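Working notes for the structure below.
Chains as they are written, first to last, in the numbering used here: chain S, 2 to 339; chain P, 2 to 384.
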């Protein structure tokens, strides 16, 4: 549970990211992967099936669309960033192959129609084979060195993430011994080792996402032993109106009124709304900072022309630097963009 | 054709979409709109959304159906109920309904796999959603508005009952009906063959096989009615009286998820009746429905002849122009993304863009305002 702000995220083998859908988790994951590659590491991005978010992000960034499947493929032209999107059936085969040692036998079992029904309907199968595949990625080696590092996992919505993280512990209850025992031990070892694994949270500076993040943080503290990394807040807007100019707004409002300038009145209303949003953002960030004992990284929204690899890398670097700079968060100055 | 017609004609509206786009709020606003127009309506939400409960004037939302006091709204004629699909509670309720023997019930509720599954989301959630939907469809509502979990799991609601049905047909579950002692293993060998048995040994070990046995016994006891109910719900979901509303924001990642969902639904024989793009633009014109995508500076002009160079009010006016220009640029990006997305939708699919509201929606009147906006017939677009 203890955050280790001074050890940078990229030292770890397994970086897990969770947060509600739509908070920009995948963008943060992609950005960190690009920055990791720029630092000479071997990042592998892992998505957990169904969605094709990462494919879209890298298609936008590189102009080349790569189909991301169950086994890792390079998603950048220089082949430094790789990605995989786990497929349930294939992950079952991987799992079985690991257990029965013969891939052909595993395939035969996995393609048995009745057993397919069992796998799809039985609880926890998806979670077990997913965790197992992550472990296989972690163990993979090339010429005696780990093939992947860091492995950045884009976990699904928070409910699924919790389910995944709870799985080793829940299975622990069920399995005093038996063939799964070794797997459970390996998974528990991997997922609870702060030198190898960190779970980071991603959220937005909105009332609902912040509330949900606080609830998630509490649950993580209560039930799970997964070590926590950093809290990333995406889409933090730049200050709407410079603070020293704000006191002049009432004068302009009076002008709009006296000189009967409806356009100006409407524009001032827009400014007031922007300031109100800005203040809400600051309040929410302060709340996160108060209640969550993790390095806090405030990230800007990428502008339309910043969705290229260079833009992702800048975001990744900002995320990395901010996540190691605990505890006082620094709002990323828009000027740094230039 | 507008959303008003859908709310009037359909008896089930399923709201699907990515997470974080305000899907639950849109579902509630649609249900409220139907209720105000006189229909007896139920909104069944997924998330334990405290904020939604507050918006509806309720002190909470759970498995129990609660009436919403819509008579505080002028002209409201119908009735609105709200409930939340609580996976764990609904599962337990289901077990209570189908088991008469208290000892049997206790054994099920205490089964560890059952507890794992009833607490998890995903497929298990979909089974319960299906059962709950079957319940409420027979409860005498004119319209049921169903909120769904984000993207990928919305498809589970369509797939899970079939999966379970296939599973039951294949008779796998029969292997697991618990017989005491080594009988189970014999039975496994007899029915499933050596491979399956060996596999299960490899997979799980005896402890888990035993728990699985009990677990599947639960489903065997559900089996009778389950398949019928699953088929009934599948029929209802594809009937003309049911409609699907795809809710997204105008942001690219949300639209990508929405596209995935759309394709998945179409592949399953579902037609999308309406696409709602929530928080799609900032209103910048007197006409709140106009989407302004280019905003020339205009505030700074008011400084001329009033404020000398260097006056902070000049700078303030310039910043206000920049703010408006940025909002218009955002509108343009969003409008293009929505256009691209909408072009690939079926001709018959309604497309509705909803602005970002100046203030957060906090109460029933605010929700009604969103409902009005969703159902506004007129949808003008800036060139």
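In this text, a Cβ means the ideal position worked out from N, Cα and C, and glycines have one as well.
Because the structure is a prediction, the values reported are computed rather than measured.
| Asked | Found |
| --- | --- |
| Tell me, please, whether the CB atom of residue 320 of chain P is closer than 8 Å to any CB atom in chain S? | yes |
| Going by other Cβ atoms of all chains shown within 10 Å of its Cβ, with 16 needed for buried, is residue 2 of chain P buried or exposed? | exposed |
| Can you round the beta-carbon distance between residue 45 of chain P and residue 86 of chain P to whole angstroms, since I take them to be within the 8 Å contact cut? | 6 Å |
| Counting pairs of beta carbons, one from the stretch 284 to 292 of chain S and one from the stretch 192 to 208 of chain S, are three or more of them closer than 8 Å? | yes |
| Just checking: is the beta-carbon of residue 91 of chain S within a distance shorter than 8 Å of some beta-carbon in chain B? | Judged by its chain identifiers, the structure shown contains no chain B, and its protein chains are S and P. |
| Contact between the stretch 309 to 321 of chain S and the stretch 30 to 42 of chain S is defined here as three or more beta-carbon pairs at a separation below 8 Å; is this criterion met? | yes |
| Closest to residue 235 of chain S by CA distance: which of S:126, S:147, S:32, S:75 is it? | S:32 |
| What are the boundary residues of the beta strand (DSSP E) that residue 148 of chain P is part of? | 144 to 148 |
| Could you tell me the alpha carbon to alpha carbon distance between residue 328 of chain S and residue 291 of chain P, rounded to whole angstroms? | Because the pLDDT at residue 328 of chain S is just 47, under 50, the model does not fix this residue reliably, and the point stays unresolved. |
| Indicate the three-state DSSP secondary structure (helix, strand or coil) for residue 27 of chain S in the structure shown. | helix |
| Give the list of continuous alpha helix (DSSP H) stretches no shorter than 4 residues that lie fully inside the stretch 80 to 105 of chain S. | 89 to 101 |
| Interface residues of chain S around residue 273 of chain P at Cβ under 9 Å? | What residue 273 of chain P touches in chain S: nothing, since even the nearest Cβ is about 18 Å away. |
| Exposed or buried, which one is residue 274 of chain P when buried takes at least 16 other CB atoms within 10 Å? | buried |
| I'd like to check one pair, residue 82 of chain S with residue 74 of chain S: are the Cβ atoms closer than 8 Å? | no |
| According to DSSP, is residue 272 of chain P part of a helix, a strand, or is it coil? | coil |
| How would you list, in chain order, the residues of chain P whose beta-carbon sits under 8 Å from the beta-carbon of residue 252 of chain S? | 314 |
| Hey, could you find the ends of the alpha helix (DSSP H) residue 105 of chain P is sitting in? | 103 to 111 |
| Less than 8 Å between the C-beta atoms of residue 1 of chain P and residue 362 of chain P, yes or no? | In the structure as shown, chain P begins at 2 and stops at 384. Residue 1 of chain P is therefore absent and cannot be evaluated. |
| Report yes if the C-beta distance between residue 79 of chain P and residue 39 of chain P is below 8 Å; otherwise report no. | yes |
| In chain P, which residues lie less than 9 Å from residue 27 of chain S when you measure between Cβ atoms? | 254 |
| Start and end of the alpha helix (DSSP H) containing residue 26 of chain P? | 24 to 37 |
| Is the CB of residue 342 of chain P under 8 Å away from at least one CB in chain S? | no |
| Would you call residue 354 of chain P buried or exposed, if buried means 16 or more other Cβ atoms sit within 10 Å of its Cβ? | buried |
| Around the Cβ of residue 182 of chain P, are there at least 16 other Cβ atoms within 10 angstroms (buried) or fewer (exposed)? | Low per-residue confidence applies at residue 182 of chain P: pLDDT is 44, beneath 50, and the placement is therefore not dependable enough to give any value. |
| So, helix, strand or coil for residue 324 of chain S, using DSSP? | helix |
| Do you know offhand how far residue 1 of chain S's Cα is from residue 150 of chain S's? | Residue 1 of chain S lies beyond the stretch modelled for chain S, which goes from 2 to 339, so this question has no answer here. |
| Rounded to whole angstroms, what is the Cα-Cα separation between residue 166 of chain S and residue 270 of chain S? | 46 Å |
| Would you say residue 134 of chain S lies against chain P (beta-carbon separation less than 8 Å)? | no |
| Spatial neighbours of residue 70 of chain P within its chain, please: C-beta separation below 7 Å, excluding the five flanking residues on both sides. | 58 |
| Alpha carbons only, please: which of S:258, S:109, S:294 is nearest the one belonging to residue 231 of chain S? | S:294 |
| Helix, strand or coil: which one does DSSP assign to residue 279 of chain P? | strand |
| Could you work out which residue in P:270, P:263, P:264, P:329 is closest to residue 268 of chain S when comparing CA atoms only? | P:329 |
| Exposed or buried, residue 309 of chain P, counting other C-beta atoms within 10 Å across all chains shown (16 or more means buried)? | exposed |
| If we define contact as Cβ-Cβ less than 8 Å, is residue 303 of chain P a contact residue for chain S? | yes |
| Quick one: measure Cβ to Cβ for residue 37 of chain P and residue 76 of chain P, integer angstroms, because I've assumed they're closer than 8 Å. | 7 Å |
| Suppose the cutoff is 6 Å on Cβ atoms and the five residues either side in sequence are ignored; what does the same chain contact list for residue 135 of chain P look like? | 230, 234 |
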